[in-house]
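The sequence shown begins at 17 in my numbering and counts up by one.
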Amino acid sequence: MTRTEPSDRLPGRPEPGDPLQPARPSPDTLELLALRRSAPAASLSEPGPGPDELKDLLRLAFRVPDHRKLGPWRALTITGDARRALGDVFAEARRLADPNAGEAELTLERRRPLRAPVVVAIISSPVHDDPKRTPIWEQELSAGAVCQTLLIAACAMGWAATWITEAPAYDPFVRKALGVQDQEKIAGFIYLGSATEPVQERPRPNSDDKVRPWTGRTD
Ligand SMILES: Cc1cc2nc3c(=O)[nH]c(=O)nc-3n(C[C@H](O)[C@H](O)[C@H](O)COP(=O)(O)O)c2cc1C
17 MTRTEPSDRL PGRPEPGDPL QPARPSPDTL ELLALRRSAP AASLSEPGPG
67 PDELKDLLRL AFRVPDHRKL GPWRALTITG DARRALGDVF AEARRLADPN
117 AGEAELTLER RRPLRAPVVV AIISSPVHDD PKRTPIWEQE LSAGAVCQTL
167 LIAACAMGWA ATWITEAPAY DPFVRKALGV QDQEKIAGFI YLGSATEPVQ
217 ERPRPNSDDK VRPWTGRTD
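What follows is the structure, given as structure tokens:
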């Protein structure tokens, strides 16, 4: 597909109070949602989104429902040589967690962030001292919505992407190196780039098995 140029990529940013349409029929969006697939991280290659595109993608990704408008998330963009530095962090984390890890395992860790040209860490950053006590769970759900919206926006902009956590997302050494605070969590690493191979549909739960009408009976 042809990627859109930065100048015509997005409509202008609406200001608070600007009138917007509550429903916006979009067959393209329906098709994207019906057919979108993540790409394996190992299949992502150069090029990836540049700085302006990344900025646009994150602007879109942050347009998610967010109870009490706390903005309980943030992102770290990791590109170029920073991916190498992150790989070193992953390897050191593995060495600390598993002193028996051999060179092959450490190399695998070092290479993880190099699988794609762009890695974005989405960090759930809930507000714990919110006077209105917005539940942390709701704030974390909003961070999940950021991840998924980023996948959708990337796909619509012509980039292949995948959302993964792997062990590093939960590792204390990695968390410290990325400046993740005690109350924060890494919601995911979103790997972005160009797909080198087609993807196939994966098995999906049947929505009929997941949906029941609730009839109002409480017994
Ligand atoms: C929070 C979260 C963490 C994930 N972490 C991993 C992971 O560490 N490794 C992995 O192979 N897939 C992981 N996945 C699944 C990938 O995103 C996977 O490719 C996904 O099933 C693709 O589905 P899609 O094609 O519908 O986007 C994770 C998914 C989520 C939501």
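We put the CB at the ideal spot given by N, CA and C, even for glycine.
So, residue i versus residue j, is the Cβ gap smaller than 7 Å?
i, j, result
"Thr93", "Leu73", "no"
"Ala77", "Val162", "yes"
"Ala177", "Ile206", "yes"
"Pro129", "Leu102", "yes"
"Leu208", "Val134", "yes"
Which same chain residues end up closer than 6 Å to residue i when comparing Cβ atoms and leaving out the 5 residues on each side of it in sequence?
i, result
"Thr181", "Gly204"
"Thr165", "Ala77, Val80"
"Arg75", "none"
"Ile152", "Pro142"
"Val136", "Ala91, Thr93, Ile206"
Are there any heavy atoms of ligand 1 lying less than 6 Å away from the beta-carbon of residue i, as far as the coordinates show?
i, result
"Glu156", "no"
"Thr212", "no"
"Gly66", "no"
"Gly204", "yes"
"Thr234", "no"
"Thr165", "no"
"Thr45", "no"
"Ser54", "yes"
"Ile139", "no"
"Glu182", "yes"
"Trp175", "no"
"Trp179", "yes"
Using a Cβ-Cβ cut-off of 8 Å (strictly less than) and excluding sequence neighbours within five positions of residue i, which residues of its own chain qualify?
i, result
"Asn222", "none"
"Glu217", "Arg53"
Could you pull out every residue in the same chain whose Cβ sits closer than 7 Å to the Cβ of residue i, ignoring the five residues on either side in sequence?
i, result
"Ala107", "Leu122, Glu125, Arg126"
How far does the beta strand (DSSP E) with residue i in it extend, from its first residue to its last?
i, result
"Lys201", "201 to 211"
"Ser140", "134 to 140"
"Leu92", "89 to 95"
Cα-Cα, which of the options is closest to residue i?
i, options, result
"Pro65", "Ser140, Ala132, Gln155, Pro32", "Ala132"
"Asp145", "Thr45, Glu47, Arg111, Pro88", "Pro88"
"Lys85", "Ala50, Thr231, Ser141, Gln199", "Ser141"
"Arg110", "Arg191, Asp198, Trp230", "Arg191"
"Thr95", "Pro67, Leu112, His83, Ala117", "Pro67"
"His83", "Asp114, Asp198, Ala159", "Ala159"
"Ala98", "Cys171, Ala172, Ala193", "Ala193"
"Ala55", "Ser210, Lys226, Gly33, Ala91", "Ser210"
"Ser61", "Ala183, Leu167, Leu157, Thr212", "Thr212"
"Tyr186", "Ile202, Gly195, Asp198, Ala172", "Ile202"
Go to residue i, then tell me how far its alpha helix (DSSP H) extends in each direction, as first and last residue.
i, result
"Thr165", "152 to 173"
"Ala193", "188 to 193"
"Ala177", "Careful: Ala177 lies outside any alpha helix (DSSP H), inside the beta strand (DSSP E) at 176 to 180."
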